[in-house]
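In terms of mature numbering (1 follows the signal peptide of the UniProt record, and there is no 0), the sequence shown is residues -20 to -1, 1 to 236. Using N, Cα and C, we set each Cβ at its ideal position, and we do this for glycine too. All figures in this text were calculated on a predicted structure; none of them were measured in a lab. Each remark here refers to the structure printed beneath this line.
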Amino acid sequence: MGGGCVCVCVCVCVCVCVLAYSTLWGQNHLTCIDNYYKLLITGQKTLKKEVTVHKWIKVLLIVLSVCLVFAFGGVCTLAILLSHATHYKAQFDALRHQHEETLRKLNRLNYSTGCALCAVHWIHSGGKCYYFSKFKMNWTQSRDHCVTLGGHLVIINSKAEQDFITSNVKVTHWIGLNDLETEGHWVWVNNQPVNDSVEFWIKRENGIREPDNWTKGHPDGEDCAGLGHPGGETDFWSDAFCSLEKRFVCEAPAAV
């Protein structure tokens, strides 16, 4: 009887242990499977993210490559255009120099034979010849160019001369007046000072008049005179920065 009880107890204990182990192992097994699937899903998501990132990197590299190709093409095109522009400018300068030399020879011939009072492209008025340029130069270049044509930047000595000149211009032009040597002391290219009775500086309604020697952006100020302002009336004089490019008026004596 006692031996039977012992056997029963042993069997019960074994069953309990087996059941407990099975339950524990089952839970651990399920946990492992669950963790495995979680890792698998996480890995798939990570893999998808990596694939997406690589895909965008590839797209960006393609776009960047295309941009570089266009940029390189643009630089090449710009270089070609610049080369052509330089070539055409050199041709233009050579042709202009040739044209000016031809005019000088023709002028000398006309003067020596008395065939014409003024050179070609010059206008006669009051015993003088005037040349109104169709191109722009700064004041110093304009002064020198007039000399190469056998004259000088225009010197205005009367109201009649002022009226004649302004009637032939529609935009601002350089004239032969400056205060480069002494600020405020305006002289013509022949070093003669301005006659106070023959001066035509702009007088504004607000009381401010030219010359005003504006210095903004140019510490040296406005030391050269021209007819009017760009885009404005040309009936009066105004001072301007000598480095500006304007058309200009040359003057030379008429042939006798």
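Measuring alpha carbon to alpha carbon, tell me which residue in K35, K38, K139, L48 is nearest V178.
K139
Return the CA-CA distance between W217 and D192, expressed in angstroms with no decimal places.
11 Å
Give every residue of the same chain whose Cβ lies closer than 8 Å to the Cβ of G6, excluding the five residues on either side of it in the sequence, and list them in chain order.
With a pLDDT of only 47 at G6, under the threshold of 50, the placement of this residue in the model should not be trusted, and no figure is reported.
Inter-stretch contact (C-beta, 8 Å, three-pair minimum) for the segment 122 to 139 and the segment 219 to 235
yes
CB-CB length for R227 against V169, believed under 8 Å
Their Cβ separation, rounded to whole angstroms, is 17 Å, which puts R227 and V169 out of contact at 8 Å.
Name the residue from F52, C126, A65, S45 whose alpha carbon lies nearest to the alpha carbon of W102.
C126
Could you pull the start and end residues of the beta strand (DSSP E) that F228 belongs to?
227 to 233
How is the alpha helix (DSSP H) around D143 delimited, first residue to last?
139 to 146
Which residues does DSSP pair with N158 in a beta bridge?
V167, C204
In the structure shown, what three-state DSSP assignment does R189 receive?
strand
Who are the near neighbours of N158 in its chain, counting only those whose CB is closer than 6 Å to its CB and skipping five residues on each side?
D203, C204
Looking only at its own chain, which residues have a Cβ that is under 6 Å from the Cβ of I136, when we skip the five neighbours before and after it?
Q142
Buried versus exposed, by CB contacts within 10 Å (16 or more), K108:
buried
Per DSSP, what kind of secondary structure is V38 in: helix, strand or coil?
One point to set straight first is that residue 38 is Lys, not Val, in the sequence displayed. Helix, per DSSP.
Can you check DSSP and say which residues form a bridge with Y68?
Partner(s): none; Y68 has no beta bridge.
Checking the sheet assignment: what are the DSSP bridge partners for M219?
Per the sequence shown, residue 219 should be read as Asp rather than Met. Note: D219 sits in a beta bridge opposite A205.
Straight-line gap, I155 to T195 (C-alpha atoms, nearest Å):
20 Å
Where the beta strand (DSSP E) containing C109 begins and where it ends
108 to 112
Pairwise C-alpha distance: I60 and K183
49 Å
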